[in-house]
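Peer 1: Taken in order, these protein sequences are the chains called A and B. Take the first sequence: its letter number 451 is residue 451 in this note's numbering, and every next letter is one higher. Take the second sequence: its letter number 49 is residue 1049 in this note's numbering, and every next letter is one higher. Backbone N, C-alpha and C fix where the C-beta goes; we use that ideal spot for every residue, glycine too. Just dropping this structure here.
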Amino acid sequence: MAEALDLSLYAKPEGVGTLGVDLAVEGITCGACIARIEGAVRHLPGVTEARLNFTNRRLHVAWAEGALAPAQILRVLEAQGYQGHPFMPLRAEQEEAAEARRLTRCLAVAGFAGMNIMLLSVSVWSGNVTDITPETRDFFHWASALIALPAAAYAGRPFFASAWRALRAGAVNMDVPISLGVILALGMSLVETANHATHAYFDSAIMLLFFLLIGRTLDHAMRRRTRAVAGNLAALRADSAHRFDGDEVVSVPVAVLRADDRLLVRPGERVPADGVVLGGGSEIDDSLITGETARRRVAAGATVYAGSMNYSGTLTLKVTAVGGNALIDEIERLLEKAASAKSRAMRLADRAARVYAPVVHVTAALTCAGWLIAGASAHDAIITAIAVLIITCPCALALAIPAVQVVASGALFRAGVILNAGDAIERLAEIDTVVFDKTGTLTLPEPRVVNAAAIDAALLQKAARLALSSRHPLAVALAREAAQRTPYDGAVEEAGQGVHGVIDGVEARLGSAEFCGLADNAAPANGDSSICFAHGAQSATIAIAQRLRPDAVEAVNMLRARGLDLRILSGDRPEAVAPIARALGIAVWAAALKPADKIAAIEDLKAQGRRVLMVGDGLNDAPSLAAAYVSLSPISAADVTQAQADAVFLGERLQPVCDTVAIAGHARALMMQNLWLAALYNMVAVPVAIAGLVTPLIAALAMSGSSVLVTLNALRAAKGRSRGRR
Amino acid sequence: MNILVYLVPMALGLGLAGLFAFLWALKSGQYNDVEGAALRVLSDDDIEK
């Protein structure tokens, strides 16, 4: 890279005279990388701190102001074989980190209080059946109260705050019965302790908070992990742009571009921002935006969109829109409409809560009334009703779903799938129809050589190695076939024509047919692009086209075997879609669709009562991803599209799509099992509580027993993947 | 049983010490990179020079 990348935007002051920058680092594979990266960066002059976070693959570097240009850090990383990408922590990520710390603190306090109160409670329980004196028991109860009240006031805040918000909005959520149960249990225990009673429920209240906080912390940890991965990906994808500053061209991060900036876009680069061509002419590949694989000729005055690939010539652009505005108007409008019209599936836990809270409250009230009618004292009736509230508090229910989600998202992560939405697993399990986009989804995002079998292997290798010296997209596609990754010495690229060099003492040329002197070599008849290669007397025409993902047929068959209805909706020409649909055996397909047509097709399917999984990557797919019941997109997708997708899958294979469906199905089954386990527990425990037989010991055993059972069951979600593979 | 008057507060005090130790560790960022910590222990870069 000749020009230095200007990183001053990302450097933040840290203390006096010190600047710091966060980099997302690509290429970290093992523990040895830590020492190598930190060691190399620390040797730079002026660096005061270099710390790599191995968990989220981020490097923090601090240096004395003015002692070095931050771009040097990137160069040092590059020399070690890593790619560093400046990274701007997202606001949402920082807020979630603070929230996670708060939850962990609450969890620690509840855990500490729970253990100590349990210590005292066990003494009381064993004393009650032996020879504890009432004075000692009172002392233990007061000591428990002393720990429980401040601990509950601190650790219960997440629940109290959420319950209060719900009540003020006139709604009831899961936190209302929780808060009520905890507060009533503590209040009642306090009154009982003052009256020298045998039973106090301090331990139940705190244990309840402890278990619930575990569930909540797990839920949060999962969302944070996916958020951190998404943040890194955003950084890896933030490309640089060549901007004219006066007559000089400097390389700057896309984030600093402003409207009216003038940019230089060389062949083989993606257009960094929406703009109007000022000068130069080229062919532009819009497939990431529209799905259309045929290239478009552009000249001065033409409009180009961010994400398009520049093929043949150098362009000068004037930026018209950047960042959040960099969308085709129509897509933005459709996206808004689709997202607002989408009736998000109600989360399983919320559905359970809607039934749960009223039932619990009515049961407690009926218990109180029943005992009063049966002639019990008001004191006994109220205590029994509170015992019902405590025993029904949904700690197993609160763990049932987050625990499965965490384990399942771990399994998905190992399968190469990153979740954007926490409840995506539940929705993925319910699909019956899969709609694929073609370009970049069923096919590989970059074109490949398609007629390799028809060309002499040694000749192809020479052509591929020569192609390493060119940045033309067709040459880049050909270079992927090269087994030896070192370019030939002395190979020269003639801009817009081709590469020539000397191989084994014989002149070799790679480029257009004229450039190679092969006027008679016909281009492929089916409209595929081609590149010619001549080496002495030998020559070949290499066809380059979109190719199916290597395991597409296998993956599609696997999905069909699961009983899913498969379809293709593409923005590309019918003659490009038909062979793909035929190869995959997908009977229902539509081509030349505009984004609005795609949404209409998906709305149609929804109207038939289908639950649609949309898999797509183009900017034109973003609205339909938002409209579908649940959506997936490959990591090569456009930014906006990835942001809309519920999950993103990595790599060249389509297998992660099958894995996702399999893991989600398994996880959903486990969630339902867990909900039934929790319900079963209540069916046994509630009658006992209504009968007035629940002692603190029974409450403690029942609560921890059911929570542990549900958690153990959730751990089975990790097996979903191996089952899906088979 | 008077001994309990000393022992229970002492037990609580020890528990609290543990709690504060954990909160301090959390605050000083020791849980920010759990995987890295497990690997750093294997590197020998501290015994050079």
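Find the residues of chain A that neighbour Asn1032/B, judging by a C-beta separation of less than 7 angstroms, and give them in chain order.
Peer 2: For Asn1032/B, the chain A residues whose C-beta falls within less than 7 angstroms of its own C-beta are Asn53, listed in chain order.
Peer 1: Quick check on the burial criterion: 16 or more other C-beta atoms within 10 angstroms. Buried or exposed for Ser624/A?
Peer 2: buried
Peer 1: Tell me whether the stretch 404-413 of chain A and the stretch 500-507 of chain A touch, counting them as touching only if at least three CB pairs, one residue from each stretch, are closer than 8 angstroms.
Peer 2: These segments do not touch.
Peer 1: Smallest Cα separation from Pro634/A: which of Ala628/A, Ala627/A and Asp646/A?
Peer 2: Asp646/A
Peer 1: Based on the DSSP output, what are the partners of Cys532/A in its beta bridges?
Peer 2: Gly511/A and Thr541/A
Peer 1: With DSSP as the reference, label Leu442/A as helix, strand or coil.
Peer 2: Looking at Leu442/A - three-state DSSP - the assignment turns out to be helix.
Peer 1: I'd like to know whether the C-beta of Leu218/A is nearer than 8 angstroms to at least one C-beta of chain B.
Peer 2: no
Peer 1: Does the distance from the CB of Tyr201/A to the CB of Ile34/A come in under 8 angstroms?
Peer 2: no
Peer 1: Can you check DSSP and say which residues form a bridge with Ile503/A?
Peer 2: Answer by DSSP bridge pairing, in chain order: Val506/A.
Peer 1: Restricting to runs no shorter than 4 residues, where is the alpha helix (DSSP H) found entirely within the stretch 379-461 of chain A?
Peer 2: Scanning the stretch 379-461 of chain A from its first residue to its last, the whole alpha helix (DSSP H) runs of 4-plus residues come out as 395-414 and 424-428.
Peer 1: Between which two residues does the beta strand (DSSP E) containing Ser282/A stretch?
Peer 2: Ser282 to Asp285
Peer 1: Give me whichever residues DSSP pairs with Lys318/A in a beta bridge.
Peer 2: Arg262/A and Val276/A
Peer 1: What's the gap between the Cα of Ala700/A and the Cα of Met207/A?
Peer 2: 8 angstroms
Peer 1: Taking the alpha-carbon of Ala543/A as reference, which of Ala626/A, Val450/A, Ala113/A and Ala353/A has the nearest alpha-carbon?
Peer 2: Val450/A
Peer 1: In chain B, what lies closer than 9 angstroms to Phe112/A by C-beta?
Peer 2: Gly1015, Leu1016, Gly1018, Leu1019 and Phe1022
Peer 1: Can the beta-carbon of Leu257/A be found less than 8 angstroms from the beta-carbon of Pro272/A?
Peer 2: yes
Peer 1: Could you check the C-alpha separation between Lys462/A and Ala482/A for me, to the nearest Å?
Peer 2: Between Lys462/A and Ala482/A, the C-alpha separation is close to 8 angstroms.
Peer 1: Under a three-way DSSP split, which group does Leu23/A fall into?
Peer 2: strand
Peer 1: Whose C-beta lies closer than 8 angstroms to the C-beta of Ala79/A among residues of the same chain, with five residues either side of it excluded?
Peer 2: Ala40
Peer 1: Taking only three categories from DSSP, how would you classify Ala345/A?
Peer 2: The predicted position of Ala345/A is uncertain, since its pLDDT is 46 and thus under 50; a value taken from the coordinates is nonetheless stated next. Correct three-state label for Ala345/A: coil.
Peer 1: Confirm, please, whether the CB-CB distance from Val298/A to Leu263/A is below 8 angstroms.
Peer 2: no
Peer 1: If you count every other CB in all the chains shown that lies within 10 Å of the CB of Leu165/A, and 16 or more means buried, which is it?
Peer 2: Note on identity: in this sequence residue 165/A is Arg, with Leu being the wrong assignment. Exposed: under 16 other Cβ atoms inside 10 Å.
Peer 1: Starting from Val16/A, trace the beta strand (DSSP E) in both directions and tell me its first and last residue.
Peer 2: Going by DSSP, Val16/A is part of no beta strand (DSSP E) at all; its letter is neither H nor E.
Peer 1: Does the separation of the CB atoms of Leu397/A and Ile214/A fall below 8 angstroms?
Peer 2: No, they are not a contact pair.
Peer 1: Helix, strand or coil for Asp551/A per DSSP?
Peer 2: In the structure shown, Asp551/A falls within a coil segment according to DSSP collapsed to helix, strand and coil.
Peer 1: What's the gap between the Cα of Asp261/A and the Cα of Arg270/A?
Peer 2: 17 angstroms
Peer 1: Out of Val1005/B, Asp1044/B and Glu1035/B, which one is the CA nearest neighbour of Thr55/A?
Peer 2: Glu1035/B
Peer 1: Once you ignore the five residues that flank Met118/A on each side, which residues in its own chain have a CB closer than 7 angstroms to its CB?
Peer 2: Asp203
Peer 1: Under the three-state reduction of DSSP, which class applies to Ser636/A: helix, strand or coil?
Peer 2: coil
Peer 1: Would you mind sorting Ile178/A into buried or exposed? The rule is 16 or more other CB atoms within 10 Å of its CB.
Peer 2: That one is buried.
Peer 1: With a threshold of 7 angstroms on Cβ separation, who are the neighbours of Ser123/A within its own chain once the five nearest residues in sequence on each side are excluded?
Peer 2: Phe140
Peer 1: Please report the distance separating the alpha-carbon of Gln602/A from that of Ala627/A.
Peer 2: For the sequence presented, residue 602/A should be read as Ile rather than Gln. Computed Cα separation, rounded: 7 angstroms.
Peer 1: Can you look up Ser631/A in the DSSP assignment and give me helix, strand or coil?
Peer 2: strand
Peer 1: Just by C-beta distance, which residues in the stretch 395-416 of chain A are closer than 7 angstroms to chain B?
Peer 2: none
Peer 1: Thinking C-beta only, is Leu77/A closer than 8 angstroms to Val25/A?
Peer 2: yes
Peer 1: Taking all protein chains shown into account, decide if Tyr1006/B is buried (16 or more other Cβ within 10 angstroms of its Cβ) or exposed.
Peer 2: In the assembly as shown, Tyr1006/B is an exposed residue. Its beta-carbon has fewer than 16 other beta-carbons within 10 Å.
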